[in-house]
Amino acid sequence: MTERSALLCERVAAHFGPRGPDRLGIGVSGGSDSLGLLVLLADWSDHGGPEVSAVTVDHGLRPEAADEARHVAMVCRELNISHDVVIWDGWDGQGNLPDKARRARYGLMAEWARTHEIGHVAVAHTLDDQAETFVMRLAREAGLDGLSAMARHWRLDEVQFCRPALSLSRDDLRSVLRARKIDWVDDPSNSDTGFERVRVRQALDTLEELGISARTLSNVAHHMGEVRETVYWYAFVAARDCVRFQSGDVIIDRATFRTLPRDIARRLVQQVLHWLSGAEYPPRGRSVDLLLEAIRGGTNMTLHGCMMTVDATTLRFSREFMAVAQARCRPEAPWDGRWRLQGPWGQGVEIAALGEGGLENCPDWRDSGLPASSLAAGPAVWRGQRLIAAPLAGLRNGWQATLIRDEDHFFAAFLAH
């Protein structure tokens with residue numbers, strides 16, 4: 003190991019703090035970034051770091067992909083690292099291919115990690131990736147969130163993904179490979195100016211002449227990220243002050259909400275809608291601005307599969323019935339990603355929304371204190387067209403409903419950004 007490689011290895015290890023995981027996975031494509039990080043992690047493993055395993059996702063979109071996977075396997079054998087290849091065959095020719103491929107890649111890596119009882123998976127984003135992303139978002143007039151640094155780590159189900167190379171440049175990682183005489187694969191798309199990221203990469207070469215380097219832009223993104231964390235802290239404090247819950251609904255004190263700075267109010271309602279809907283991303287842009295205007299004007303509104311209703315003292319956010327009307331599952335499976343129902347199973351029983359028709363069969367529903375619209379969008383137990391139970395509406399018959407994403411989950415999300 004060269005002196006430079008040893009220094010880079012220390013910086014990668016520092017990402018994990020004083021105690022790294024016992025086992026660590028890494029996604030390796032065959033490009034210089036992921037292969038360079040693989041070598042550094044292998045060095046760390048050899049000097050007391052975690053046991054490292056590698057995985058390559060073959061999207062099946064390029065004939066060269068199989069050869070690239072074999073090259074990764076060869077490098078892994080030389081480093082004494084276990085290696086697996088997983089295949090994605092889910093492209094149907096519809097929709098946004100890069101986005102679908104990205105989602106599939108992380109989903110397959112998470113499944114691979116769970117199968118191998120690996121809790122952490124590293125991906126090789128560098129400060130160059132950070133700088134390119136910053137410029138791309140700047141071109142779209144992004145605000146604080148868009149211009150903030152990439153997350154150092156995030157969770158997908160029970161697997162934690164991490165970016166331990168964010169402080170390293172692409173050239174840093176290539177220097178590691180050159181020192182070991184390890185070849186890497188250059189994806190032809192990396193020189194195709196039809197891709198925005200390639201054009202931005204070329205523009206960064208020009209900006210560097212003005213003293214605006216990839217490292218400079220990456221540092222700016224990290225500064226923005228620190229500001230973002232501060233803003234979310236104040237949103238967390240505001241939520242603690244004015245939010246309460248009722249059987250899955252979120253209720254906000256309207257008088258307190260009026261006093262919040264607009265950006266804090268925006269983040270609060272975004273988190274409410276994200277928590278209720280369970281969508282991958284919270285709503286953004288003009289739609290949130292329209293919601294804030296509706297709140298200011300005292301007008302009800304639906305957004306992101308949720309309903310917001312206003313009265314003299316409160317804002318109530320609940321699930322919108324049309325968003326869950328087709329949701330079906332077997333008992334004890336998550337319904338709408340939010341509820342788990344448990345009770346006396348029976349043949350042909352399934353969980354579905356209560357609906358207005360089901361509510362008519364719940365004579366004590368008013369005792370719940372919930373609006374009819376909230377109950378109609380809540381879970382119930384059905385056998386065909388026959389209502390068996392609706393725990394939220396007072397018709398229990400031995401059944402109970404439990405929130406999967408609870409109040410702690412709601413508040414913790416403010417501090418996870």
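Quick note: the sequence shown uses this note's numbering, first residue 3, plus one each step.
Glycine included, each C-beta is placed from N, C-alpha and C at the ideal position.
Subject >> Cutoff 7 Å; reference Arg286; Cβ partners in own chain excluding five residues on either side >> reply: Excluding sequence positions up to five before and after Arg286, its CB lies less than 7 Å from no other CB in the same chain.
**OP:** Pull up the distance between the alpha-carbon of Leu219 and that of Asp194, whole angstroms please.
**Re:** C-alpha separation (whole angstroms): 23 Å.
**OP:** Please determine, among Arg217, Ser150, Val125 and Thr311, the residue with the shortest C-alpha to C-alpha distance to Asp173.
**Re:** Answer by Cα proximity: Arg217.
**OP:** Assign His73 to one of two classes, buried (16 or more other C-beta atoms within 10 Å of its C-beta) or exposed (fewer than that).
**Re:** Burial call: buried.
Original post:
Roughly how far, in whole angstroms, is the beta-carbon of Ala223 from the beta-carbon of Leu170, given that I think they are within contact range, below 8 Å?
Top reply: That belief does not hold up - the Cβ atoms of Ala223 and Leu170 are roughly 15 Å apart, past 8 Å.
Subject >> Helix, strand or coil at Met138 [DSSP, three-state] >> reply: Of the three classes helix, strand and coil, the one that applies to Met138 here is helix, per DSSP.
**OP:** Determine the direct distance from the alpha carbon of Asp408 to that of Ser1, and round the result to whole angstroms.
**Re:** With the chain covering only 3 through 419, there is no way to say anything about residue 1.
Original post:
Are Tyr151 and Met226 touching if we call contact CB-CB under 8 Å?
Top reply: Looking at the sequence provided, one finds Ala at residue 151 rather than Tyr. Contact flag set, yes.
**OP:** State the Cα-Cα distance for the pair Gly51 and Leu39, rounded to the nearest angstrom.
**Re:** In a straight line, the C-alpha of Gly51 is about 14 Å away from that of Leu39.
**OP:** Run through the region 154-231 for me and flag every whole alpha helix (DSSP H) of 4 or more residues, listed as ranges in chain order.
**Re:** Note on the region 154-231: whole alpha helix (DSSP H) runs with a minimum of 4 residues are 172-182 and 198-210, in chain order.
Original post:
In whole angstroms, what is the alpha-carbon distance linking Ala327 and Val200?
Top reply: Approximately 44 Å, taken between the alpha carbons.
**OP:** Find out if the Cβ-Cβ distance for the pair Ala34, Trp186 is shorter than 8 Å.
**Re:** The sequence given here has Ser at residue 34, not Ala. Cβ atoms of Ser34 and Trp186: closer than 8 Å.
**OP:** Taking only the alpha-carbon atoms, compute the straight-line gap between Ala392 and Ala378 and give it to the nearest angstrom.
**Re:** When only Cα atoms are considered, Ala392 and Ala378 end up about 10 Å apart.
Original post:
Touching or not, the region 316-332 and the region 301-308, by the rule of three or more beta carbon pairs under 8 Å?
Top reply: Between the region 316-332 and the region 301-308, the count of C-beta pairs closer than 8 Å reaches three or more; the two stretches touch.
**OP:** Within 10 angstroms of the Cβ of Gly359, are there 16 or more other Cβ atoms? Answer buried if so, exposed if not.
**Re:** In the assembly as shown, Gly359 is an exposed residue. Its beta-carbon has fewer than 16 other beta-carbons within 10 Å.
Original post:
Expressed to the nearest angstrom, what Euclidean distance is found between the alpha-carbon atoms of Leu292 and Phe413?
Top reply: Rounded to whole angstroms, Leu292 to Phe413 spans 24 Å at the Cα level.
Original post:
beta strand (DSSP E) containing Ala354: first to last residue?
Top reply: For Ala354, the uninterrupted beta strand (DSSP E) run begins and ends at Val351 to Ala355, by DSSP.
Original post:
Between which two residues does the beta strand (DSSP E) carrying Met324 extend?
Top reply: In this chain, Met324 is not harboured by any beta strand (DSSP E); it is covered by the alpha helix (DSSP H) spanning Phe323 to Val326.
Original post:
Could you give the residue range of the beta strand (DSSP E) that holds Ala67?
Top reply: Segment Ala67 to Leu81 is the alpha helix (DSSP H) holding Ala67; no beta strand (DSSP E) there.
Original post:
Is the beta carbon of Trp90 less than 8 Å from the beta carbon of Asp60?
Top reply: In contact: Trp90 and Asp60 (Cβ atoms closer than 8 Å).
Original post:
With distances taken between CB atoms, is the gap from Leu158 to Tyr108 smaller than 8 Å?
Top reply: For Leu158 and Tyr108, yes; Cβs fall inside 8 Å.
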